[in-house]
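Please read the structure below before turning to the comments.
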DNA sequence: TTCGGCCATAGACAGAAGCTATCGCACCTT
DNA sequence: AAGGTGCGATAGCTTCTGTCTATGGCCGAA
């Protein structure tokens, strides 16, 4: 019974809904108006759903019709994207997918992206290139990169942003730092010694957001040291004994350790980003896959965070 | 060019892929085998993608074909669900959607579910009924409820589970409790006084999971008081001065307060649940909507948790 | 009243999807 | 080696249906 509904009908429905008018929709579809009217009428009769209410000056959409209209627009778009991608896969004409990434993005995020791509597009290759978020966004605008994996926030309407990872933001310190005796760091303790930051030039929005968050808990830090890589940050922590905020999943120099900040629930979030005007045929399919995988997380039961390290275990014993 | 691909083709492709055999697929589709072969061949030629490799003993699927096959199966299913739902909306034959919920589910989750349903299915009504998770699962099995909003975990293969909310699990205590002087509760402090629990009979899996989590951090609590509602729990905390673990978003008696547990990241998760064999025509559409809304969270920048209450602010000042 | 915009109806035609019958091919059995 | 079996491809015909042009009806504006 649903088999009466073909993509042709969905295209017609979308056109009528968007023009609000059978005549103009027919023009847009390069179709005679009676053909269009007849098709839609027969469909409505066939499935027993009135989609449009005909008026002398155009059409209105019924509530049930609205469901079908929304679906129609999305379904036609999806079909076209899938077919384009599949044809590119078949023809072996999928261009290398050029991905930019910030060095602050964890390796495992890049690895799982890479694996997802390899399984969706077997035999197709990716090219990763690192850089500052600012520079990477510029390169995407200049079309020399197709997409990127970057820390949030990313502002601007021209980007499609799909979050892919999130980890607590923790305080990084020397393992022999007095603060390492504590299991959590209080904001006032942090305020005095937080001096090491990512270079704001590399990602000004992220820096601004971090400052805003610090202000909210009454900290106005002394931005003394600017680093451009996680390694630099760790080296600065090690040598200057200052504190830094880092992603909990960052691989850590053994002489360093991390502690959570008390009373806040800050996270370092990472997203897959590409220009709205994406051209690479794999992107729509890849984004759809990321959304599916990420959307329904395996949250079958409450999560837990294991103790971050042995030292904390000892302190609690 | 993609317009050659119609739902008819997708159905045929799915059937061939699932049977691995044109002949048997044709039987399943009540179609003559030459018609099927011809349709698929013309489609492959038309879009320029070879989907199947014909062998003397059946067919194999090409990599590009696999993309299309997966898509085909999903797309046909989606179409049917949408049309069924739309027809029910149009005919005004959408039965009342009977939702069960546990009283441990936060009101705002139920409210946003209710709003989503009202906008997707205007004019259609829902019926909420509260109860124990165990009892609600039974009522869903007995078909006297269509779906439910319940705390996780929900075990068993017969359920479709879509997480819809998550909040930290915190320690509930009297505001005048000595522990309320601290900003975080250490597990050993919790171990001594954690006595108040939800009744295990109401949701044995959740109780078991909580016990397991407590064991992981070395706590074997004395399960002294069993409550069946958040209000009961709060009354017990107030009167017995014991501690309880509750969802941070629970509306709190003003004489009580909550504190996070140090070093763990436990959450109380809530999910929309319905039987795999769901019959209510709105459910597939509703679930699809929940997944879309929930999947791409507005995680445009790093999240923060505001201080839970004024007292904590004072302690930090 | 008349004109113009919009949708519905009618009838003709071409193309596409379906059917039956048959062929070709590879493999298996005897 | 010969014949049987299972599977897909091809050919030719029929039926159905999607499209076209032409036209009619309705309503509001000029």
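Chains as they are written, first to last, in the numbering used here: chain F, 5 to 321; chain Z, 5 to 321. C-beta atoms are modelled at their ideal positions from N, C-alpha and C, and glycine is treated no differently. Being a predicted model, the structure only gives us computed values, none of them experimental.
Requested in this report: Grab me the residues of residue 166 of chain Z's own chain with a C-beta within less than 8 Å of its C-beta, minus the 5 sequence neighbours each way, in chain order.
Outcome: Residue numbering aside, residue 166 of chain Z sits at position 162 when the second chain is read from its first letter. 275, 276, 277, 291, 294, 295 and 298.
Query raised in the report: In three-state terms, what does DSSP make of residue 5 of chain Z?
Result: Taking the first residue of the second chain as 1, we reach residue 5 of chain Z at position 1. Residue 5 of chain Z falls in the coil class under three-state DSSP.
Query raised in the report: Got a sec? Which residues, its chain only, sit under 8 Å from residue 73 of chain F by beta carbon, not counting five neighbours each side?
Result: If you number the first chain from 1, residue 73 of chain F lands on position 69. Result list for residue 73 of chain F: 17, 18, 21, 55 and 65, in chain order.
Report task. Could you work out which residues of chain F lie near residue 38 of chain Z, taking near to mean beta carbons separated by less than 9 Å? Result -> For the purposes of this step, residue 38 of chain Z is taken as residue 34 along the second chain, with counting starting at 1. Within 9 Å Cβ-Cβ: nothing; residue 38 of chain Z doesn't reach chain F, min ~20 Å.
Requested in this report: In the DSSP assignment, find the unbroken beta strand (DSSP E) run with residue 199 of chain Z in it and report its ends.
Outcome: Numbered from 1 along the second chain, position 195 holds the residue referred to as residue 199 of chain Z. First-last of the beta strand (DSSP E) with residue 199 of chain Z: 198-202.
Query raised in the report: Cβ of residue 75 of chain F less than 8 Å from any chain Z Cβ?
Result: Sequence index remark: in the first chain, residue 75 of chain F carries index 71 (1-based). It does: the Cβ of residue 75 of chain F has a partner Cβ on chain Z nearer than 8 Å.
**Report entry** Interfacial residues, the region 89-104 of chain F to chain Z, with Cβ spacing under 9 Å
**Finding:** 89, 90, 91, 92, 93, 94 and 95
Query raised in the report: With DSSP run on the structure shown, which of helix, strand or coil describes residue 98 of chain F?
Result: The count along the first chain starts at 1 and reaches residue 98 of chain F at position 94. Three-state result, residue 98 of chain F: coil.
Report task. Using 10 angstroms around the beta-carbon of residue 104 of chain F, count the other beta-carbons present and answer buried if the total reaches 16, otherwise exposed. Result -> The count along the first chain starts at 1 and reaches residue 104 of chain F at position 100. Buried: at least 16 other Cβ atoms inside 10 Å.
Query raised in the report: Given that residue 68 of chain F touches chain Z, what residues does it touch there, using C-beta distances under 8 Å?
Result: For the purposes of this step, residue 68 of chain F is taken as residue 64 along the first chain, with counting starting at 1. What residue 68 of chain F touches in chain Z: 90, 91, 93 and 94.
Report task. May I ask which residues mark the beginning and end of the beta strand (DSSP E) holding residue 278 of chain F? Result -> On the first chain, position 274 is the one that residue 278 of chain F refers to. Residue 278 of chain F -> beta strand (DSSP E) spans 271-279.
Query raised in the report: Under 7 Å Cβ-Cβ, which residues of chain Z neighbour residue 126 of chain F?
Result: Mapped onto the first chain, residue 126 of chain F falls at position 122. Correct list: 67.
**Report entry** Inter-stretch contact at 8 Å, needing at least 3 Cβ pairs: the region 282-290 of chain F / the region 172-185 of chain F
**Finding:** no
Query - Buried versus exposed, by CB contacts within 10 Å (16 or more), residue 157 of chain F - result: The residue you call residue 157 of chain F lines up with position 153 of the first chain. Classification of residue 157 of chain F: buried, given that the 10 Å Cβ count is 16 or more.
Query raised in the report: Applying a beta-carbon distance threshold of less than 7 Å, which residues of chain Z neighbour residue 9 of chain F?
Result: Residue mapping note: residue 9 of chain F aligns to position 5 of the first chain, counting from 1. Within 7 Å Cβ-Cβ: 11, 83 and 87.
Report task. Indicate whether at least one CB of chain Z lies closer than 8 Å to the CB of residue 176 of chain F. Result -> Walking along the first chain from the start, residue 176 of chain F turns up at place 172. Residue 176 of chain F does not count as touching chain Z.
Report task. Identify, in the order they occur along the chain, each residue of the same chain with its Cβ nearer than 8 Å to the Cβ of residue 83 of chain Z, setting aside the five sequence neighbours on each side. Result -> What you label residue 83 of chain Z is simply residue 79 of the second chain in a count that begins at 1. Same-chain partners within the cutoff: 11.
Report task. Give me the Cβ distance between residue 51 of chain F and residue 91 of chain Z, rounded to the nearest whole Å; I'm assuming they're in contact under 8 Å. Result -> For this step, residue 51 of chain F is matched to residue 47 along the first chain. For this step, residue 91 of chain Z is matched to residue 87 along the second chain. Yes, they are in contact, since the Cβ atoms of residue 51 of chain F and residue 91 of chain Z sit about 6 Å apart, within 8 Å.
Query raised in the report: Who are the near neighbours of residue 76 of chain Z in its chain, counting only those whose CB is closer than 7 Å to its CB and skipping five residues on each side?
Result: Here residue 76 of chain Z refers to the residue found at position 72 when the second chain is read from its first residue. The residues are 14, 17 and 18.
Report task. Could you name the residues of the same chain whose beta carbon sits closer than 7 Å to that of residue 67 of chain Z, not counting the 5 residues immediately before and after it, in chain order? Result -> For the purposes of this step, residue 67 of chain Z is identified with residue 63 of the second chain, where counting begins at 1. Within the same chain, residue 67 of chain Z has no close Cβ partners at all.
Query raised in the report: If residue 266 of chain F and residue 188 of chain Z are in contact, beta carbons under 8 Å, what's the gap, nearest whole angstrom?
Result: As a working mapping, residue 266 of chain F is identified with position 262 in the first chain. As a working mapping, residue 188 of chain Z is identified with position 184 in the second chain. Contact flag correct, Cβ pair sits at about 6 Å.
Requested in this report: Check each residue of the region 178-198 of chain F: if its Cβ is closer than 9 Å to any Cβ of chain Z, include it; give the result in chain order.
Outcome: 187, 188, 190, 191 and 192
Query raised in the report: How do the region 93-104 of chain F and the region 126-140 of chain F stand: do at least 3 beta-carbon pairs fall below 8 Å, yes or no?
Result: yes
Query raised in the report: Closest Cβ-Cβ distance between residue 215 of chain Z and chain F: below 8 Å?
Result: The sequence position of residue 215 of chain Z within the second chain is 211, counting from 1. No - not a single Cβ of chain F is within 8 Å of the one on residue 215 of chain Z.
**Report entry** DSSP state of residue 152 of chain F mapped onto helix, strand, coil
**Finding:** On the first chain, residue 152 of chain F is found 148 positions in, with the first residue counted as 1. Reduced to three states, the DSSP call for residue 152 of chain F is strand.
Requested in this report: Could you list which residues in chain Z have their beta carbon closer than 8 Å to that of residue 21 of chain F, in chain order?
Outcome: The count along the first chain starts at 1 and reaches residue 21 of chain F at position 17. Result: empty, since nearest Cβ-Cβ is about 14 Å, beyond 8 Å.
Query raised in the report: Which first and last residues belong to the beta strand (DSSP E) in which residue 50 of chain F is found?
Result: The residue you call residue 50 of chain F lines up with position 46 of the first chain. First-last for residue 50 of chain F: 37-51, but that is the alpha helix (DSSP H), not the beta strand (DSSP E).
**Report entry** Span separating the alpha-carbon of residue 300 of chain Z from that of residue 164 of chain F
**Finding:** For this step, residue 300 of chain Z is matched to residue 296 along the second chain. For this step, residue 164 of chain F is matched to residue 160 along the first chain. No answer about residue 300 of chain Z holds up, because its pLDDT of 48 lies below 50 and its placement is not dependable.
Report task. Check whether the Cβ of residue 203 of chain Z lies closer than 8 Å to any Cβ atom in chain F. Result -> For the purposes of this step, residue 203 of chain Z is taken as the residue at position 199 of the second chain. It does not; no Cβ of chain F falls within 8 Å.
Query raised in the report: Would residue 17 of chain Z count as contacting chain F if we go by Cβ distances under 8 Å?
Result: Within the second chain, numbered from 1, the residue matching residue 17 of chain Z stands at position 13. Not an interface residue.
Report task. List the residues that DSSP assigns as beta-bridge partners of residue 251 of chain F. Result -> Taking the first chain and counting its residues from 1, one reaches residue 251 of chain F at position 247. The partner list for residue 251 of chain F (beta bridge, DSSP) reads F:173.
Query - Range of the contiguous alpha helix (DSSP H) that encloses residue 139 of chain Z - result: As a position in the second chain, residue 139 of chain Z is number 135, starting the count at 1. That run of the alpha helix (DSSP H) goes 137-145.
Query raised in the report: Is it buried or exposed for residue 119 of chain Z, if we count other Cβ within 10 angstroms and need 16 for buried?
Result: The residue labelled residue 119 of chain Z in the question sits at position 115 within the second chain. Answer is exposed; the Cβ neighbour count stays below 16.
Query raised in the report: Between the C-alpha atoms of residue 161 of chain Z and residue 190 of chain F, what's the straight-line distance to the nearest angstrom?
Result: The residue you call residue 161 of chain Z lines up with position 157 of the second chain. The residue you call residue 190 of chain F lines up with position 186 of the first chain. Roughly 44 Å separates the two Cα atoms.
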